[in-house]
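Chains as they are written, first to last, in the numbering used here: chain S, 71 to 394; chain P, 71 to 394; chain L, 96 to 588; chain V, 11 to 296. For glycine and all other residues, C-beta sits at the position ideal for the given N, C-alpha and C. Reading through the structure tokens given below for one structure.
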Amino acid sequence: MKAAINEGTPAAKSNIFGSVTQKLGPLLGLIILFIIVSILNPSFLEPLNILNLLRQVSINALIAFGMTFVILTGGIDLSVGAILALSSALTAGMIVSGLDPMIAILVGCILGGVMGIINGLLITKGKMAPFIATLATMTLFRGLTMVYTDGNPITGLGENRLFQLFGRGYFLGIPVPAVTMIITFVVLFIVLQKTPFGRNTYAIGGNEKASLISGIKVPKVKVMIYGLSGLLAALAGAILTSRLNSAQPTAGTSYELDAIAAVVLGGTSLSGGKGRIFGTLIGALIIGTLNNGLNLLGVSSFYQMVVKGIVIIIAVLLDRKKSA
Amino acid sequence: MKAAINEGTPAAKSNIFGSVTQKLGPLLGLIILFIIVSILNPSFLEPLNILNLLRQVSINALIAFGMTFVILTGGIDLSVGAILALSSALTAGMIVSGLDPMIAILVGCILGGVMGIINGLLITKGKMAPFIATLATMTLFRGLTMVYTDGNPITGLGENRLFQLFGRGYFLGIPVPAVTMIITFVVLFIVLQKTPFGRNTYAIGGNEKASLISGIKVPKVKVMIYGLSGLLAALAGAILTSRLNSAQPTAGTSYELDAIAAVVLGGTSLSGGKGRIFGTLIGALIIGTLNNGLNLLGVSSFYQMVVKGIVIIIAVLLDRKKSA
Amino acid sequence: MHIEMRNIYKAFGTNQVLAGVDFDLASGEVHALMGENGAGKSTMMNVLTGLHPKDQGSIFIDGTETSFSNPKEAEQNGITFIHQELNIWPDMTVLENLFIGKEIKTSIGLLNTNKMKALAKSQFDRLAVSIPLDKEAGSCSVGEQQMIEIAKALMTDAKVIIMDEPTAALTEREIAKLFEVISSLKKEGVSIVYISHRMEEIFAICDRITVMRDGKTVDTKPIPETNFDEVVKKMVGRELTDRYPKRNPQTGETIFEVKGLTKSGVFRDVSFSVRAGEIVGISGLMGAGRTEIMRAIFGLDSLDSGEIWLNGSKVTIKAPSKAVESGIGFITENRKEEGLILDFSIKENMVLPTLASFAPKGIINEKNQSDFVDMLIKRLTVKTESAETAVGNLSGGNQQKVVIAKWVGIGPKVLILDEPTRGVDVGAKREIYELMNELTSRGVAIIMVSSELPEVLGMSDRILVIHEGKITGELPMGQATQEKIMTLATGGQ
Amino acid sequence: SMEPPGWAKPAKKENLKDIKIGLSVSTLNNPFFVSLKDGVTAEAKKLGMSVKVVDAQNDSAKQANDVEDLIQQGVDVLLINPADSAAVSSAVQSANHIGIPVVTLDRSADKGKVEALVASDNVKGGEMAADYIVKKAGKDAQVAELEGVPGASATRERGKGFHNIADHSLKVTAKQSADFDRSKGLNVMENIIQAKPDIKAVFAHNDEMALGAIEAINSSGRNIMVVGFDGNDDALKAIKEGKLDATVAQQPLLIGRLAVDAGRDVLQGKKVKKNIAAPLKLVTKK
Ligand SMILES: Nc1ncnc2c1ncn2[C@@H]1O[C@H](COP(=O)(O)OP(=O)(O)OP(=O)(O)O)[C@@H](O)[C@H]1O
Ligand SMILES: Nc1ncnc2c1ncn2[C@@H]1O[C@H](COP(=O)(O)OP(=O)(O)OP(=O)(O)O)[C@@H](O)[C@H]1O
Ligand SMILES: [Mg+2]
Ligand SMILES: [Mg+2]
């Protein structure tokens, strides 16, 4: 408990040495995991599997990128899975009714952004705690999905090639979802590290009052961030819709937990203000590698849960040790 | 955003008027809900239905009581549903292997307490954020439940009368689970309002650093509180086991969200330090009335989700308005 | 009780905070502890009371070597610490605050509220405090909170009480009462360690003084054998001629004006104006509503009515961002909670309000930003190894300079300073005053809220006095005296 | 491109001797699918083949990943129990690209080449349940329907079959979801009894909910017949004890066995039927 009081103690150290381990901690974890899995099952390292892994990770990673911004401000977004499902259903609905699939995806992403903005407004204008606001919209959006789809998957999305490529294709040999993920990562990395918007995100999480007094438009920034989170969830939803060639009303269930786990494994603090999006990418890869690796090793799904729980605990504990 | 900064501004007012509405806010909500539902379907108010309602509410209420302590310290416990399932499976396993059911329940509750203590230790000794610690143990405990039960319900719990009464019986005309809930409520109310332990709970949530300096054994109190939360989840699990005459491996899925919603609807602040357990009881009754009422009104399950989401939003917004 | 600390060392990481301090406290004395911000005063007391373990050295209590493992243990042994940072539970009542961690129980283990109430009452009577016991502590003024802390300490029947800047937030009247209590405690044989940056107080109530610099004790002397100049010299290591630099006001046009500002229950009909290059001091008792007026001007709180005029045109300020855009800066009274992001570096804090101007094409230009920050660090003589140091690791005075630098950086037309030197050592104070002079010489209008009368008198060109949310008088520089201000501040004419 | 780059494709295996089966199950949180899995592993063991099992936890996206992982492990034949028949299509197609034969269990795939579907007909089962209720409770009796997880295919198909008959022969006056969950079945049934006291019969989309409904009915003291679906051990026992009136029993073990056999046949070049039916049977107390 003393740590709470000593916070920030290793003053000088944390700048020279600390930030290196802060960045490398999760990466190191990933590398260790890679080594273990590939020793146990060499086929893990085969090119096709690595491509699979990247594709499998992309959906969680996209959601987790948005979640990183949210968590950096000290918030949380439990509604991402439901936004994914609702926007995916709406997108599919538009495609079925004849809209060009790529335009439908665009509109779907915008709608996802709007849902996120609703979260943001409840939190800023409505002064609701993020946890409870997004818990409520999670139920709400999921219910709307069910009402819209009547509980049925939406199928018959046609044979538009671009649309199919979006979730299943390859670009220069790399799965398109992975390409989408990488491009999004680069853009968001720049936004977070190099722009005033990114700096404001950290500032709000670091000290919201002081940020407000420094002239940061805290409500506006927050609304934008929840909007971003919704938009990225919808983008992930579009990839899923293409991969599954249908919109599933139950899609995205409990994806929020995987995304939060990725963010935290990546070293971002749940109390806000501290963390990096690169860590989130690594965090998502760790979770993906676990899922993929445990499947390859033939671990039964029951034991997979046990292993995942333990790995999260160990990873976070090690990270704490290092930073302590 | 202004509220964050103005917090506590209306100094004098908040003592005379504020605390009354703080206590009455949720109760008022419950009464309004009661009136609406009984106008729409008068059978709602029939004695048998009220008894049903009490029994249905008891499981969520018991979990939410423990969650109230946790949230008052500024924490959260996502693992309650998984603890419920694991302890319930272990209890059923003991009964099947011939242990006296009531002793098995006792042992099961203790085991639930131990699982909670594990959470507490991860959070205090391991310095993990409560959200991520209990997210990890949620996966872990759920996985262990699956491993233990092999995914099958455990049945054949025999015909022990006391055990059957525990979940299904009546005591002086009141369902036994409701009696259990009421007794637990009274005990915890006294603990929270009238003992140093309760004071410490509020103090930790209000200002953890200062509490530590004031000599409160913060880690010990926290471990006890997570233990309490686990124990109550296990007690709820025992009731469920008796009601269903079997242990379900998937029991308790997403119960944590219902419990958190009950606590928040009851007016307890997610940032800790503020709230009351009476509010939680009301919150659980609101959720129970919603479930029961929407069933009685024959609202389709899709619209039920929509209604629930909206009700939570409105209730919390109204509560904010009143306290603002 | 007699305490002796010998050759104490303590480092936080690589930061050697205590480097062999010696300190001794005799029974029944009031012992002043002075030193610049960051000299290690609070840390030394934290080591004594067991909050931080010491790295080296020994502590003797009544001759036996002792080492407390936590503050509770120290308290049980008669040593109580009133911390510099207030330990308040804002959502709990005053009564609950008073007894946290030491609740009185009945025989069956329940809280004995009646007994606690009676005890609290008697303690408050002794301090002449009249805060309702069921008031929420968070809605008490800072001064009231400070008095709660003092009452809490007195209830422990301590033989040693450490007071770390107890008067930083108190009014003259409360300070007078505290001093009475201190002298009666002294008669009962209680020893007191008194840490303060206010020189007058030290010479008024203390028996001996120990001066610290850079984690070492420089000297310990009986008060009668030393004087103001000697203490200051020992603290800062050089002569400090004047406490207040000479004001040489060259005021221009009225650039800022408020008319009829009203917020019901807090302040009403507040009107005043400030000219370019002028410092308007705002004085009043604690809780008079000064801070609230400034917050409303800055767009942090809403107004019921009133107008704000800037450069001859009316402006509506609904949010701080608008105030900043209009060229108003606000140095709040509470730097840790409202002024700084403690985990951020000095650089990141300083550019917070001006970030957008470093990113004309959307991407922050690191080079320009660093140059700008280096310039500010130099200009305000912030003591730090690098601009990348986390602000939380700076001493109080240097933190305050970072807050000021942040606002100097926006090139303000109007600068509001609320208690700009609270908890700041004499040396740093002087630097802040000089900076205010420099800013006004370049035409900045300054509004300075302060509870330290000498400061208001020393630095203002004009003084406004607030009483219960109303301006009760205006005193031009030449005519203001402590007595006149106090009369207006207490509502007399 | 829609295909993985050539360099990433695994080397194709020609050896049919030690066959590796990949089984992707929609969920193992439900005794029915656990039995289905047991049927596959038992039959495979008998035939000397090895099985890799993955569990999609009812998430179609996870199933797509799971199938990729199975392909990666070099399985020779894929047995897929789809979480959703539309969503599984792309996974089937990826297997097709690599040339691994696919047999689906319990549900089909909308697209892609499936060698065989081994299933009991859920729609048919729903009809059987409705017919039984009409027979026992009489035409136009008031009935309640406990639905499964909204949107799940079992919910849709069983509901569809049930309504095919019930819409013109029964009065479905209450229709609520209890998520295939026993405790929800109990709570929802309590509330339905309260709202519609004249209910004569209940059709539950699975046995778990039916068993929950029984508890509610027993404590209400009413006499309402309950028909479940699946035929799991608990339900069969409850029928024997006279608590449950009937269940539409599937034969998951048989489905598993038939699927393995079909897979073996395909690998050995034999012709297999496109639709292999595992018979449903209505189990009643007699
Ligand atoms: N918990 C801590 N962790 C890291 N550094 C600390 C901690 N506490 C104090 N320091 C550092 O130790 C030094 C001395 O701090 P201390 O609070 O003792 O000064 P002080 O003499 O009380 O100053 P002030 O007059 O501003 O209160 C400062 O540089 C401060 O940043
Ligand atoms: N954050 C706050 N929460 C609740 N009440 C407050 C808060 N800040 C001030 N108040 C109350 O508002 C009134 C005016 O306080 P304000 O701080 O404006 O006075 P002040 O003259 O600036 O005194 P101080 O020197 O203490 O800042 C007081 O009654 C005080 O109790
Ligand atoms: Mg200090
Ligand atoms: Mg003030």
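Short CB-CB distance (under 7 angstroms) between residue i and chain P
i	result
alanine 205 of chain V	yes
leucine 180 of chain V	no
leucine 405 of chain L	no
tryptophan 502 of chain L	no
lysine 167 of chain L	yes
leucine 193 of chain L	no
CB contact below 7 angstroms: residue i versus chain L
i	result
alanine 273 of chain P	yes
isoleucine 283 of chain S	yes
threonine 91 of chain P	Legend: pLDDT at threonine 91 of chain P = 49, less than 50; position of this residue unreliable, no value from coordinates given.
Chain-order list of residues whose beta-carbon lies under 6 angstroms from that of residue i (same chain, five-residue window excluded)
i	result
lysine 210 of chain V	Ala147, Ala151 and Gln152
threonine 262 of chain L	Ile270
glutamate 239 of chain L	Ile226
Cβ of residue i within 7 angstroms of any chain S Cβ
i	result
valine 369 of chain P	no
serine 416 of chain L	yes
lysine 378 of chain P	yes
glutamate 433 of chain L	yes
valine 64 of chain V	yes
Same chain only: Cβ atoms within 7 angstroms of residue i, ignoring 5 sequence neighbours per side
i	result
proline 245 of chain P	Leu121, Leu124 and Arg125
asparagine 444 of chain L	Leu435, Ile436, Val486, Val497 and Lys501
serine 163 of chain V	Asp94, Ser95 and Arg117
isoleucine 245 of chain L	Ile177, Leu222, Pro261 and Leu273
alanine 312 of chain P	The amino acid at residue 312 of chain P is misidentified as alanine; the sequence shows serine. Phe233, Gln234, Phe236, Gly237 and Arg238.
Interface flag, residue i vs chain C, CB-CB below 7 angstroms
i	result
glutamine 186 of chain V	Although the question refers to chain C, the structure presented lacks it and instead comprises the protein chains S, P, L and V.
Cross-chain neighbours of residue i in chain P, by beta carbon under 8 angstroms
i	result
glutamate 155 of chain V	Under the 8 angstroms cutoff, chain P gives no residues; its nearest Cβ is about 11 angstroms from glutamate 155 of chain V.
Partners in chain S for residue i, counting only beta-carbon separations shorter than 9 angstroms
i	result
leucine 38 of chain V	Ser370, Ser371 and Phe372
Chain L residues whose Cβ lies nearer than 9 angstroms to that of residue i
i	result
glycine 343 of chain S	Ile436, Asp438 and Phe439
Proximal residues to residue i (C-beta, below 8 angstroms), its chain only, five neighbours per side dropped
i	result
alanine 81 of chain P	Residue placement at alanine 81 of chain P is poorly supported in this model, since its pLDDT is 38, which falls under 50; the coordinates still yield a value, given next. Same-chain partners within the cutoff: there are none.
Residue i versus residue j - alpha carbon distance
i	j	result
proline 117 of chain S	threonine 359 of chain S	14 angstroms
leucine 88 of chain V	arginine 231 of chain S	27 angstroms
aspartate 48 of chain V	serine 371 of chain S	14 angstroms
asparagine 488 of chain L	threonine 144 of chain L	22 angstroms
isoleucine 384 of chain S	leucine 192 of chain P	10 angstroms
alanine 331 of chain S	isoleucine 202 of chain P	7 angstroms
valine 166 of chain P	alanine 321 of chain P	18 angstroms
methionine 96 of chain L	alanine 253 of chain L	10 angstroms
glutamate 170 of chain L	isoleucine 304 of chain L	24 angstroms
proline 171 of chain P	threonine 161 of chain P	8 angstroms
aspartate 131 of chain V	tyrosine 272 of chain S	56 angstroms
Interface partners of residue i on chain V, CB under 7 angstroms
i	result
glutamate 326 of chain S	Chain V residues near glutamate 326 of chain S: none, gap ~13 angstroms exceeds 7 angstroms.
Min CB distance residue i to chain V below 7 angstroms
i	result
asparagine 222 of chain P	yes
Contact set between residue i and chain S, taken where Cβ atoms lie within less than 8 angstroms
i	result
phenylalanine 425 of chain L	Ile283
Proximal residues of chain P, C-beta to C-beta of residue i below 7 angstroms
i	result
valine 334 of chain S	Ile202
Contact set between residue i and chain L, taken where Cβ atoms lie within less than 7 angstroms
i	result
threonine 265 of chain S	Ala454, Gly457, Ile458 and Ile459
query: So which residues put a beta carbon under 6 angstroms from any heavy atom of ligand 3, going in chain order?
result: If you measure from each CB to the nearest heavy atom of ligand 3, the residues under 6 angstroms come out as L:Lys136, L:Ser137, L:Gln179 and L:Asp259.
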